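Here is the structure we will look at, set down as structure tokens.
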Ligand SMILES: Nc1ncnc2c1ncn2[C@@H]1O[C@H](COP(=O)(O)OP(=O)(O)OP(=O)(O)O)[C@@H](O)[C@H]1O
Ligand SMILES: [Mg+2]
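Listed below in structure tokens is the structure:
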């Protein structure tokens, strides 16, 4: 059972910079886990701690039920694919893939069959004799993946494996990785990226990190639909969720809030009585907004800027009393003028409400 | 031939020996502190201990060699400078007292200062000029290669080459030394350059400048190429002429490299003794510290105390550059 | 900018100046080489730059008196050629005394004192007649001859053989090869440790290496000489020998070697090293299979440095190898010749050329690596 279990894991660099605080994470065998988060939040650090390339300052890391804090990378049953491919430049593709097996002192025949099998799987057979410098970026990345595969690791670790590729290749290789996962349902995969699409499409579960903390762990759609806090809400989804400052007017099963300088709105979430009169945040995704000309509305403002993308149009709206623009994503190419006054509304089930410190009121009614 | 064969055998034995040492010691470490198929805490402990030891296995031979050949001698020289001829009788400061009252030392020190001023300056200057000029002509690389060439020649070989140039025939005999031939051609009197008081120092320095200019040129030329083109282009647009561009735009941008070149040659100058030994052996007022030190090592069976004192003087002259170097290297590593 | 100034007078000035400097820089070596293949008699009377022109030389020879005197018409006769050992030339004038060495034109019959006559033909044949028998010690003939340029490898033959340069050449190789190769290994391991391993005191060690880069060799000589003597005494062997020289060169070469190699190895991509670590390679494997092959350029540049430095070294060889003629390296031999054969330029030039030829070949063959090494060593 190749579970990966992190308990109270901490990382402190040079006895002063605390870059990971108290990470608890349970990864089940066969899961595809994606770490996402803004740059510098510690994704790579966390991955490297799992790999053993970085020491764990405090806490425990178990792989397969075995404590591995002080075990070197090679003995943890992991394989890692690096952003820069990290191929050995002086070795042929074949030797690159065979390297770990040679170190492990496998017989020549075993090495050969395993390398060829992996090469076959990744369509690398015809390049086996080439040096890495004679390969394209996508091929290099495939070699790097092949190098990981031949070791038959329990856990695959990927650190932004696609970010050095151009857009088209990225999509192709992303699919390849998805296929790879499909063909190896037994192996656990941990994947670092800052690309949301990769995270949403590949992950069984996403781990969203920020400044050394785990903000939320969950399936991609869960993070999208039920963000645990403002940070998650804003991070997942593009364009980001609109967050409007509001005051909680009436708490209870179902809540009345007053968006600053705008309408009073009824939100179908339960809030505690104590929070009445507190400053809260109201969230709504751009794609959940629609335009109304009469009747109830959420916010009113002026169209400040229009981005027509073809399949959709983004309206940037200067809403009265809000510092940030409210973004509204409409399908098709509706015609609006700059400066036009506009009213926006959303469905009650698409509304999000966050308390003073940014946590979501989770109980819907 | 047999001797050469034995040299090759030594190479093989030496390389194998080194390889065996590194391989064997690592192997032994892994055997003593096994990390396969052991309980977790044993593995973790063994690996930790091995992690402490292994770097020292890698560093060991280098550490010992550096210690024995460079660190210990500095300390020991310092100690010996307080001892007598054979290094056994403590004589306090008398070697130093001798040093500061010795005309010979005074002369050598004065000459060395002259060398320290002239050689690095001249070599850096010529190197810079040549680097700038060769960068803009199509046969620049060939020119550079030829000017760089003396770098490969030993000081003693260079001394022979230049002694030949300075050769002097008295009377009306045809001069076979190039310098005197040129002088005669222009109607001058041939001179015994090497024995010409005071000026002979400069004729010796020429040799080192000849050798070191190529070094300065190579490094400065790389630095010049590292100057962003935009700065030069901007200056051209501003109407600067070639010389202004050189002095006001290019040189200021490579000050750091010029300093590196200058100090590197300075260090070399302090160590050079072969040229003086071969050309004059310190006669005719050309003594320098390094040769003086060598002299005392063997003169009359050798006076280690006095030799050590001169060595200490050379070391003291080097120390500021050493400190500067270390600072620079540290800054560089932090920037990395 | 280069484009626009292509045709300006300044460009011509640059060409001219560089050419001038290149000539100045190469002429000394060229002169040495040309001189070394000139005939030794010509070498000592005319500058090497005249090597291609016919030289007019004043020379002297002593007539050889045969055991059995030849007689012709009642006169004793001596014949021979002023150009001994098959040299060629044209005699223009001759004479019989050092005061008037070119009194007579060649071909004329000179009437000398005591009824002697002497003729020297243009081709060098001479004939001397006398009414009395010649004394066993022959008279000297002074003559002026136009000698065509002569190039020869005799000088090399002489220095390689009787002057012992052949032996010294071997000695130099014997010293240089091990002293170049062995430090590379030692330094490469240390450099790897300093670049990629963690241990306390690492920064200090690196700083020390940088500091030791500039420690003058002179500091080490006396203490090492004492240590060598001491160690030699313990083992009952001489303190001077190849082993000591090899090790000394290794010790003195190490700071530069470690410094150069560490800079290079630390610059290798971190992910490659880590990838190997994940693949299960130990530090030893990583060093051997990844770092060493990838560091080839740095290893080559250090090897060239060390080779040139050891080959060209005089000091260490003099101090630690001794001055035994059997063990002299080329530089030591050359210095000795400078002392003992100071005026014999044919010997000095040929010897000097032999000592510099190997480094020059290395230099021109591997200049690329040398330059790269210099650059990593000095600018960053
Ligand atoms: N060796 C180190 N010493 C000190 N601080 C470090 C070190 N390595 C990383 N850090 C810090 O740790 C934090 C997390 O770094 P990490 O590389 O894990 O970020 P990341 O999430 O992978 O970012 P990115 O998306 O840019 O790759 C950063 O603030 C970084 O500055
Ligand atoms: Mg990262």
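Residue numbers (our numbering), protein chains in the order written: chain A, 1 to 365; chain B, 366 to 701; chain C, 702 to 1081.
Each residue gets a CB set at the ideal place from its N, CA and C atoms; glycine is no exception.
None of these values were measured; they are calculated from a predicted model.
In or out: residue i buried (at least 16 other Cβ within 10 Å) or exposed?
i, result
"residue 444/B", "exposed"
"residue 417/B", "exposed"
"residue 753/C", "exposed"
"residue 575/B", "buried"
"residue 918/C", "buried"
"residue 648/B", "exposed"
"residue 944/C", "exposed"
"residue 816/C", "exposed"
"residue 383/B", "buried"
"residue 725/C", "exposed"
"residue 1062/C", "exposed"
"residue 772/C", "exposed"
"residue 41/A", "buried"
"residue 324/A", "exposed"
"residue 515/B", "buried"
Between which two residues does the beta strand (DSSP E) holding residue i run?
i, result
"residue 352/A", "352-354"
"residue 210/A", "205-210"
"residue 21/A", "17-27"
"residue 750/C", "Segment: none, residue 750/C is in no beta strand (DSSP E) and carries neither H nor E."
"residue 843/C", "841-848"
"residue 581/B", "From DSSP, residue 581/B is part of no beta strand (DSSP E) but of the alpha helix (DSSP H) over 564-590."
"residue 312/A", "312-319"
"residue 158/A", "155-159"
Could you tell me the alpha carbon to alpha carbon distance between residue i and residue j, rounded to whole angstroms?
i, j, result
"residue 38/A", "residue 216/A", "14 Å"
"residue 83/A", "residue 160/A", "5 Å"
"residue 622/B", "residue 458/B", "41 Å"
"residue 427/B", "residue 1014/C", "22 Å"
"residue 976/C", "residue 90/A", "14 Å"
"residue 256/A", "residue 355/A", "13 Å"
"residue 21/A", "residue 50/A", "15 Å"
"residue 53/A", "residue 901/C", "19 Å"
"residue 235/A", "residue 1074/C", "49 Å"
"residue 761/C", "residue 1040/C", "28 Å"
"residue 578/B", "residue 615/B", "19 Å"
"residue 194/A", "residue 157/A", "15 Å"
"residue 651/B", "residue 529/B", "18 Å"
"residue 884/C", "residue 102/A", "29 Å"
"residue 212/A", "residue 24/A", "12 Å"
Mind checking which residues open and close the alpha helix (DSSP H) that includes residue i?
i, result
"residue 598/B", "594-602"
"residue 828/C", "Careful: residue 828/C lies outside any alpha helix (DSSP H), inside the beta strand (DSSP E) at 826-831."
Which residues, in order along the region 295-318 of chain A, keep a beta-carbon less than 9 Å from a beta-carbon of chain C?
-> Close to chain C, meaning a Cβ-Cβ distance shorter than 9 Å, is no residue of the region 295-318 of chain A at all.
Determine contact between the region 808-827 of chain C and the region 868-877 of chain C, defined as no fewer than three beta-carbon pairs at a distance below 8 Å.
-> no
The region 82-96 of chain A: positions lying closer than 9 Å to chain C by Cβ = 82, 83, 84, 85, 86, 87, 88, 89, 90, 91
Name, going along the chain, the residues of the region 61-82 of chain A whose beta-carbon falls closer than 9 Å to a beta-carbon of chain B.
-> Residues of the region 61-82 of chain A with a Cβ closer than 9 Å to any Cβ of chain B, in chain order: 66, 67, 68, 69, 70, 71, 72, 75.
Should the region 341-349 of chain A be called in touch with the region 280-290 of chain A, which here means at least 3 C-beta pairs below 8 Å?
-> yes
Are the region 967-985 of chain C and the region 58-69 of chain A in contact at 8 Å, needing three or more beta carbon pairs?
-> no
Touch check for the region 736-750 of chain C and the region 541-548 of chain B: three-plus C-beta pairs under 8 Å?
-> yes
Of all the residues that make up the region 970-995 of chain C, which are near chain A by a beta-carbon distance shorter than 9 Å?
-> For the region 970-995 of chain C, which is checked against every Cβ of chain A, the residues closer than 9 Å are 970, 971, 972, 973, 974, 975, 976, 977, 978, 979, 980, 981, 982, 983, 986, 990, 991, 994, 995.
Listed in chain order, which residues of the region 371-385 of chain B have Cβ atoms closer than 8 Å to some Cβ of chain C?
-> 371, 372, 373, 375, 376, 379, 380, 383, 384
What are the residues of the region 404-430 of chain B that lie near chain A, defined by any Cβ-Cβ distance shorter than 7 Å?
-> 405, 408, 409, 412, 413
For the region 839-847 of chain C and the region 1026-1035 of chain C, state whether three or more C-beta atom pairs, one from each stretch, are separated by less than 8 Å.
-> no
Contacting positions in the region 922-954 of chain C - beta carbon closer than 9 Å to chain B = 922, 923, 924, 925, 926, 927, 928, 943, 944, 947, 948, 949, 951, 952, 953
Within the chosen definition, does the region 724-742 of chain C reach the region 1051-1071 of chain C through at least 3 CB pairs nearer than 8 Å?
-> yes
Could you tell me whether the region 477-487 of chain B touches the region 629-639 of chain B, using the rule of 3 or more Cβ pairs below 8 Å?
-> Yes, the region 477-487 of chain B touches the region 629-639 of chain B.
Three or more C-beta pairs below 8 Å linking the region 432-439 of chain B and the region 921-938 of chain C = yes
So, do the region 553-566 of chain B and the region 453-473 of chain B have three or more beta carbon pairs nearer to each other than 8 Å?
-> no
Using a Cβ-Cβ cut-off of less than 9 Å, give me the residues of the region 896-923 of chain C that come near chain B, in sequence order.
-> Those would be 898, 899, 900, 901, 903, 904, 906, 907, 908, 909, 910, 911, 912, 913, 914, 915, 916, 917, 918, 919, 920, 921, 922, 923, in chain order.
Validate contact between the region 680-699 of chain B and the region 509-522 of chain B using beta carbons, cut 8 Å, 3 pairs | no
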